[in-house]
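So the structure is just underneath, and the comments pick up after that.
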Amino acid sequence: MRIFIKAFWMFAVVLMISFNMTTSSEATGTTKPKTNFGQIERMDVITDVLPEGEKVVAVAVQYKKEISNDSLSTLSYEVNALHGENTAKRTITKVYANTSPELSSQGKDGKFVIIELSKEDPIAGTLFYDFRTGINTRLSLEYTITQEKNIETVIGNNVPTTPNIIVNSGEINLIVDDFSEEVISDNKGNFLNYRLFEPENTEGKQPLVLFLHGAGERGVSNDVQLLANRGAISWAAPDQQAKNSAYVAAPQAAIGNSWTSQTNMNLLLDLIETLKNEYPIDPDRIYITGISMGGMGTWALIQSHPELFAAAIPVCGTGNVNQAKNLVNLPIWVTHSADDTTVPVSGSRNMINAIAAAGGKVVRAEYAGNLSREAANAAAQQLVNTAMENGSHTLYSEFIRGTTPINGHFAWVPTYENDVMKNWLFSYVRGH
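Residue numbers (mature numbering (1 follows the signal peptide of the UniProt record, and there is no 0)): -27 to -1, 1 to 405.
Put into structure tokens, the structure is as follows:
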């Protein structure tokens, strides 16, 4: 996996905190502050996008000398997150050495010490959701560590406790850093920021997955559409890319806009054409998926331009039942939670019923949204098997009331964590 460490400047100036060592100044008779990190070179926070959103899952501390893995324990450090003037202690779950600033199942001697943090900590998340505006914004990630216990280098030299607090120098954002920052515009000054993941597999033309975010991720930051959930990230994850190599594009709509506006619809179509022209993308394997507002955008695009796509997964959205006849021949897997109070489940039910009324063969299933990964895959596979037996390529999964993680609107959690749904999507080629 490619990992980039980027300068820590987003949304706020880094709060620099350090204990200063003082030395006598003969010329002035005053004291002069001096920063001394001892054997530590730098510290970076490591974030990961989980189903419930991005969290700080670890910090990576780089030392000047190789550190003995055996000399480390969860008592070796203290990690704190700074929120304004408040400081909150993070729970350390695992500490080990490594040769690079990466998470690992096992430690090994190296210049980096990885301090893993509890994902259950209330302050683990990186996003702030404003209930007044309905918009997510990313917080300034200000973290400090202190080395509380002596540790050892690989040759047995003592590395004493730090005399000061070390502030993070930057961030390592797993998978997110693999997406480049791009923009597309028209001749009227309208534009869409977007993030683009390029697969490492360069053999032949590759599929494209277009992900449309929900209303809470609107803005111009060009990051929260990747951070709020795994709608885009899950397609770029290493295990997924190993099975289904693909480009992944995740545009961001501006605040006040929707995906169904004619301006954004045109920009999305321009984006698809631009990517097809600039990258080795297979025009017969273009897929689209989206959540909530993005689910509505998915329905709108596939209804108006069904000829562009090989298959689609609209999540907790709604479309125009009068255009359902346009979708009879397009493979679609619709998901929604029965107890969604933000976008009522009737939106998906009505679309599925309209496709059936237009002559499409539809298969349906109800199952819990909080099943284990294995059980969820089995439930999805059973629906796929039923579809194959009935000659259907229109599937509908409805998650039973009270079972969708977090709340009833979050149907994207069980959807994007499902391996069978992804394999189903990639199995389709336009025109076949």
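Note that beta-carbon positions come from the ideal geometry of N, C-alpha and C, so glycine has one too.
How should residue i be labelled, buried or exposed, when 16 other C-beta atoms within 10 angstroms of its C-beta is the threshold for buried?
i	result
serine 78	exposed
glycine 107	exposed
serine -4	Any answer about serine -4 is weak, because its pLDDT of 32 lies below 50 and its placement is not dependable; what the coordinates show is given next. Looking at its Cβ environment, which holds fewer than 16 other Cβ atoms inside 10 Å, serine -4 is exposed.
lysine 28	buried
asparagine -8	Residue confidence for asparagine -8 is low, a pLDDT of 33 falling below 50, so the modelled location carries little weight and cannot support an answer.
glycine 80	buried
glycine 162	exposed
leucine 48	exposed
aspartate 151	buried
threonine 377	buried
arginine 105	exposed
lysine 122	exposed
valine 149	buried
alanine 330	exposed
tyrosine 340	buried
glutamate 101	Here residue 101 turns out to be phenylalanine, not glutamate, going by the sequence shown. Phenylalanine 101 should be labelled exposed.
valine 193	exposed
methionine 361	exposed
serine 191	A quick correction: the sequence has arginine, not serine, at residue 191. Buried, because 16 or more other Cβ atoms sit within 10 Å of the Cβ of arginine 191.
lysine 334	exposed
glycine 292	buried
asparagine 391	buried
proline 95	exposed
isoleucine 264	buried
asparagine 174	exposed
serine 345	exposed
asparagine 141	buried
glycine 229	exposed
Residue j and residue i - do their beta-carbons sit closer together than 8 Å?
i	j	result
leucine 368	tryptophan 272	no
threonine 359	valine 336	yes
leucine 114	valine 221	no
serine 371	alanine 311	The sequence shown places glutamate at residue 371, not serine. It is a contact, given that the beta carbons lie within the stated cut-off.
isoleucine 261	leucine 300	no
alanine 297	arginine 403	no
glutamate 154	asparagine 109	no
leucine 45	isoleucine 124	yes
alanine 61	alanine 54	yes
leucine 165	leucine 248	no
threonine 20	asparagine 146	yes
glutamate 51	glycine 83	no
glycine 98	glycine 26	yes
histidine 405	proline 304	no
serine 207	tyrosine 389	yes
alanine 226	tryptophan 232	yes
isoleucine 13	threonine 134	no
alanine 338	valine 294	no
leucine 244	isoleucine 373	no
leucine 90	arginine 111	no
methionine 16	isoleucine 139	yes
glycine 332	valine 386	no
So if DSSP puts residue i in a beta bridge, which residue, or which two residues, is it bridged to?
i	result
methionine 16	Val34
leucine 180	It is proline, not leucine, that sits at residue 180 in the sequence shown. In DSSP, proline 180 forms no bridge with anything.
isoleucine 325	Its beta-bridge partners do not exist; DSSP assigns none.
isoleucine 261	Leu183, Ala285
isoleucine 139	Ile118
tryptophan 306	Leu368
isoleucine 275	DSSP output for isoleucine 275 lists no bridge partner at all.
valine 156	Asn166
valine 29	Thr20
threonine 126	Ile40
glutamate 171	In the DSSP output, where bridge partners are listed per residue, glutamate 171 has none listed.
glutamate 54	Reading off the sequence, residue 54 comes out as alanine, not glutamate. Answer is Ala61, Tyr116, bridged to alanine 54.
glutamate 339	Glu371
Taking 7 Å as the cut-off, is the CB of residue i close to at least one heavy atom of the ligand FAD?
i	result
asparagine 160	This structure does not include the ligand FAD; it has no bound ligands of any sort.
Kindly indicate if chain B contains any beta-carbon less than 8 Å away from that of residue i.
i	result
serine 234	The question asks about chain B, but that chain is absent: this structure has only one protein chain.
- Query: Which full runs of the alpha helix (DSSP H) of 4+ residues lie inside the segment 56 to 123, going along the chain?
  - Reply: For the segment 56 to 123, not a single whole alpha helix (DSSP H) run of length 4 or above is found.
- Pair every Cβ in the segment 249 to 258 with every Cβ in the segment 288 to 299, then say whether three or more of these pairs are closer than 8 Å. Touching, no, given that fewer than three Cβ pairs across the two stretches are closer than 8 Å.
- Query: Counting pairs of Cβ atoms below 8 Å between the segment 347 to 354 and the segment 162 to 175, do you hit three or more?
  - Reply: Contact between the segment 347 to 354 and the segment 162 to 175 is absent, because fewer than three Cβ pairs lie under 8 Å.
- Spell out a yes or no on whether the segment 123 to 139 and the segment 179 to 188 are touching, meaning 3 or more CB-CB pairs, one atom from each, closer than 8 Å. No: the two stretches stay apart, fewer than three of their Cβ pairs being nearer than 8 Å.
- Task: Answer yes if the segment 27 to 42 comes into contact with the segment 67 to 76, meaning at least three C-beta pairs across the two stretches below 8 Å, and no otherwise.
- Result: The segment 67 to 76, when compared against the segment 27 to 42, does touch it at the 8 Å Cβ threshold.
- the segment 209 to 218 touching the segment 228 to 248, judged by at least three CB pairs closer than 8 Å: The segment 209 to 218, when compared against the segment 228 to 248, does not touch it at the 8 Å Cβ threshold.
- Runs of alpha helix (DSSP H) wholly within the segment 195 to 252 (minimum 4 residues, chain order): The segment 195 to 252 contains, as complete alpha helix (DSSP H) runs of 4+ residues, the segments 197 to 200, 206 to 209, 211 to 216, 235 to 251 (chain order).
- If we count Cβ pairs, one from each stretch, closer than 8 Å, do we get three or more for the segment 306 to 317 versus the segment 375 to 382? Contact between the segment 306 to 317 and the segment 375 to 382 is present: 3 or more CB-CB pairs across the two stretches fall below 8 Å.
- Query: Hey, is the segment 112 to 121 in contact with the segment 198 to 208, meaning 3+ C-beta pairs nearer than 8 Å?
  - Reply: Counting Cβ pairs under 8 Å, fewer than three are found: no touch.
- Which parts of the segment 353 to 401 are runs of the alpha helix (DSSP H), unbroken and 4 residues or longer, counting only runs that do not cross its ends? Every alpha helix (DSSP H) of 4 residues or more that sits fully in the segment 353 to 401 is shown, in chain order, as 385 to 389, 392 to 399.
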